[in-house]
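Have a look at the structure below, then the notes.
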Amino acid sequence: LTPNETETLALCRQNGKVLNRSSAAQYARALRQRGPEAVIVKMGRYGAYLSAPPDIEKFIPAFKVKAVDSTAAGDAFNAGLAVGLLRGESIGQACQFACAVGALSVTKMGAQSSMPTGKEVNSFLKK
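With the working numbering, the residue at position 72 of the sequence shown is 83, and numbering never jumps.
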């Protein structure tokens with residue numbers, strides 16, 4: 012499950028509250044108790060909080076970029092996560108790759124046009 016901040020608060024019936032690192036951890040664990048094997052709370056420019064088996068509980072920081080349009084950031088993150096997992100990476104590695112894909116997507120305008128290529132992501136991660 013990969014909810015963003017607003018979705019996390021709604022799923023946890025905490026509308027109107029603010030999500031921070033400690034509450035993201037709390038809500039991710041609460042959501043896992045409802046059934047998902049893993050929960051990644053997407054926190055935009057702050058990164059993501061990963062809660063997964065066996066006992067993975069960690070904050071993955073965002074990459075610093077100049078954002079111009081966040082329209083497809085969540086979709087880009089999810090696509091990057093899927094690619095990382097399909098490549099056989101651990102969920103933590105795949106989540107870091109997903110953060111890079113999401114970061115690159117916000118540097119361009121639009122949705123489809125903002126999706127980075129694998130080559131762009133790999134080059135970005137080498138920097």
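Don't be surprised by glycine CBs; every beta carbon is placed ideally from N, CA and C.
Computed from a predicted model, the values in this text were never measured in an experiment.
Query                                                                                                   : Result
So is glutamate 139 buried or exposed if we call it buried at 16+ other beta carbons inside 10 Å?       : Outside the modelled stretch of the chain, which goes from 12 to 138, sits residue 139, for which no answer is possible.
Tell me the DSSP secondary structure of leucine 20 in three-state form.                                 : helix
Comparing C-alpha positions only, which one of Ala21, Lys130, Met120, Lys75 sits nearest to glycine 58? : Lys75
Taking only three categories from DSSP, how would you classify serine 34?                               : helix
Contact between the region 93-102 and the region 33-41: three or more CB pairs below 8 Å?               : no
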